[in-house]
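Participant:
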Amino acid sequence: MLKTRYNGTIRLVTQPDHAAVSGYMAAHWGNEEFSKLGYFDDSSEPEQLAAETIFGIAEHDNGWWEWEASPTITASDKLPKGLAEVL
């Protein structure tokens, strides 16, 4: 769980949701200045490399599903513990 306070509000983002957004960003990475994922000079199968890399990025926090379904609540603010409080 990513937990932050901003302008008097509390923002909570689950680790799997953070990973999904990261995957979306990875899928749209690249422009005229730098290569898309997978499209490197020595890549023989760029589409497969890109797909596997994007999948890995999008799914990298799936191990948190169980904890996110029933998170530990902090006594001080009655909110789920943030990642820094869990690790």
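In the numbering used here, the protein residues as written are 609 to 695. Glycine included, C-beta positions come from ideal geometry on N, C-alpha and C. None of the values given here were measured: they were computed from a predicted structure.
#1: Check each candidate in P688, A634, A692 and name the one with the smallest Cα separation from A659.
#2: Reducing DSSP to helix, strand and coil, say where Y614 ends up.
#3: Secondary structure at P679, three-state DSSP: helix, strand or coil?
#4: What's the gap between the Cα of N670 and the Cα of P624?
#5: Does the distance from the C-beta atom of G645 to that of I618 stay below 8 Å?
#6: Measuring only the C-alpha atoms, how far is G631 from H668?
#7: Around the Cβ of I681, are there at least 16 other Cβ atoms within 10 angstroms (buried) or fewer (exposed)?
#8: Between the C-alpha atoms of G690 and G616, what's the straight-line distance to the nearest angstrom?
Facilitator: Let's see:
#1: A634
#2: strand
#3: coil
#4: 6 Å
#5: Here residue 645 is Leu; the residue named in the question, Gly, does not match the sequence. No, the pair does not count as a contact, with Cβ atoms beyond the cut-off.
#6: 9 Å
#7: exposed
#8: 17 Å
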